[in-house]
Amino acid sequence: LTYKRAFNDDMKQELLQSYNNGKKSNSLSIPKETPMLFIDAIARKYKDSKYTKQKNEDYKEFASKLLIADVKIIEGTHSI
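Here it is in structure tokens:
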């Protein structure tokens, strides 16, 4: 089997829109006065990985720039 147009126009538009939204987001200032709770879900098998540790440090670093923020760690696979 071969797939024709595996990367269709809708997918292309979604990718471009995501890129443009990211550019806009990065140009905005950090909302220092907006309280934020970061829930860092960590799967048991990845808790000691370099990536997991760096991701958690990134959350903590961003939270430190806000007036009211906290980072909670839970067991799981999807962070919010």
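FYI, our numbering numbers position 12 of the sequence shown as 249, with every residue one higher than the one before it. Ideal Cβ placement from N, Cα and C applies to all residues, glycine included.
Counterpart residues of K267 in DSSP-defined beta bridges: The displayed chain sequence assigns Ile, not Lys, to residue 267. Answer is none; I267 lacks a bridge partner.
Y288, buried or exposed, once every other Cβ within 10 Å from all chains shown has been counted against 16: exposed
CA nearest to the CA of T314, picked from R281, D247, S301 and S255: R281
Stretch-stretch touch, CB-based, cutoff 8 Å, three pairs: the segment 289 to 309 with the segment 265 to 274: yes
Bounding residues of the beta strand (DSSP E) (the contiguous stretch that carries A306): A306 to E312
D285 to Q291 span [Cα, whole Å]: 10 Å
Opening and closing residue of the alpha helix (DSSP H) in which F299 lies: K287 to S301
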